[in-house]
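The structure under discussion appears below in the form of structure tokens.
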Amino acid sequence: MGISGLALWKSATPAAINQIVENIRSNQYVGGPMGRWYVHARTYRSPPYPKRAVYALSMNDATFVVAEDTEAPMPTALTEGGKDAEGGGGVERAEEGLPPHQRYTTVTLNANQPLDLLLAQMRWMPGRAQPTEVAVGAAGTTPAQVTSTLPVYIEGGMFSIEKDWVCKMGSLVTTGGMPRGVILEADYLPALAQSEQSPRLIEEFFYRIMPPAFREALQISTLTPAESEWLIHAHNVGVDDGDDIYCSPEDTLGGEKPEPDSSALHANKRNFLLFRTLQRENWL
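Oh and the sequence shown: position 166 is 458 in the numbering used here, straight run, nothing missing.
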């Protein structure tokens, strides 16, 4: 399945990618280019109530989508120190007889599916975290809480290194060409699952390929085992009895639940880590 990690180099210029590639070549690591890496990240927000956000990360041939219910509690695995997080509105939803929601719901779409058009038809507006009130639609409609859109673009390349590693390197820019540094994504393919040693392994890889003078500038992120387990559960969770009036897992494939797709799960983890990194930096 593999394990993944990200490294953010905020002070880097686009030319920094060439410096990293030259350092890889000078150390005679076996490998070479695998193609282009491109990500277009953008945010959509719902009308004032209920508060919802959709984050779309389009990359190559797919779009990774995260729907966030800001009124649901943050999963314990994603909170600092693993402590329970309070979520406004959770109790109210239960009292009103409404179904509970997870804080985050993820789905991967074909890149050609018109997600932007669908959200626009639902009056979801492009926007950032800090709202300002603007009029939307016909006269008399409720204003939406949005701000100007600042999509994030990542553009660079993918490289194989020593057969066991795939590394993506790209320049981060916002609309208008504002540089935000360089981001690196590493995949260690032989590993079967995230472990306590995973962060150290990822960190050592990034330090090996970086020019020595710039290693301290890296901000390295990996999934914790708790975060990884939460994503596995979110990916594999079935439908509870009575939760779906249309069908149940027994209604499909002769009553057998399909085996989870390990490659899809790994991509889900990798993309969720990228989403969380961009969100933490307030770029979404």
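No residue lacks a Cβ here, since even glycine has one placed at the ideal position from N, Cα and C.
*Could you give the C-beta distance for arginine 337 and alanine 359, rounded to a whole number, given that I count them as a contact under 8 Å?*
No, arginine 337 and alanine 359 are not in contact; Cβ-Cβ is about 11 Å, not under 8 Å.
*For proline 517, name the three-state secondary structure that DSSP assigns.*
Three-state DSSP puts proline 517 in a helix.
*Measure the alpha-carbon distance for serine 303 versus alanine 509 and round it to whole angstroms.*
8 Å
*Looking at the structure shown, is tyrosine 499 part of a helix, part of a strand, or coil, going by DSSP?*
helix
*Report all residues from its chain with a CB closer than 8 Å to the CB of asparagine 560; omit the five preceding and five following residues, and keep chain order.*
Phe356, Thr398, Thr400, Leu523, His527
_Suppose you measure from the CA of glycine 294 to the CA of isoleucine 494; what does that come to, to the nearest Å?_
11 Å
*For arginine 492, is the classification buried or exposed, using 16 other Cβ atoms within 10 angstroms of its Cβ as the cut-off for buried?*
exposed
_Close Cβ partners of alanine 478 (< 7 Å) along its chain, the five nearest in sequence each way excluded_ = Closer than 7 Å at the Cβ level, and outside the excluded window around alanine 478, lie Ser296, Gly297, Trp457, Cys459, Ile494, Phe497, Phe498.
*Could you pull out every residue in the same chain whose Cβ sits closer than 8 Å to the Cβ of phenylalanine 451, ignoring the five residues on either side in sequence?*
Taken in chain order, the residues that qualify are Val313, Ile316, Gly323, Gly324, Pro325, Met326, Val458, Cys459, Lys460, Met461.
*If we count the other Cβ atoms within 10 Å of its Cβ and call it buried at 16 or more, is alanine 307 buried or exposed?*
exposed
*Buried or exposed (CB count within 10 angstroms, at least 16 for buried), proline 541*: For proline 541, the predicted structure reports a pLDDT of 46, less than 50, and the residue's modelled location is therefore unreliable. A value from the coordinates is still provided. Its Cβ having fewer than 16 others within 10 Å, proline 541 is exposed.
_As assigned by DSSP and simplified to three states, the class of serine 463_ = strand
*Closest to leucine 565 by CA distance: which of Gly468, Thr514, Pro504 is it?*
Thr514
*Helix or strand or just coil, what does DSSP make of tryptophan 522?*
helix
*Pick out whichever of Arg500, Glu447, Asp361, Trp575 has its Cα sitting closest to the Cα of serine 318.*
Arg500
*asked:* Residues in the same chain with beta-carbon distance under 6 Å from leucine 300, minus the five sequence neighbours each way, listed in chain order, please.
replied: Ile475, Gln511
*Helix or strand or just coil, what does DSSP make of leucine 411?*
helix
*Alpha carbon to alpha carbon, how far is proline 503 from alanine 364? Give it in angstroms, no decimals.*
43 Å
*Contact set for glutamine 394: own chain, Cβ-Cβ below 8 Å, skip 5 residues either direction*: Asp361, Ala364, Pro367, Ala526
*Hey, how far is the Cα of tryptophan 577 from the Cα of threonine 569?*
Given a span of 293 to 576 for the chain in the structure shown, any question on residue 577 remains unanswerable.
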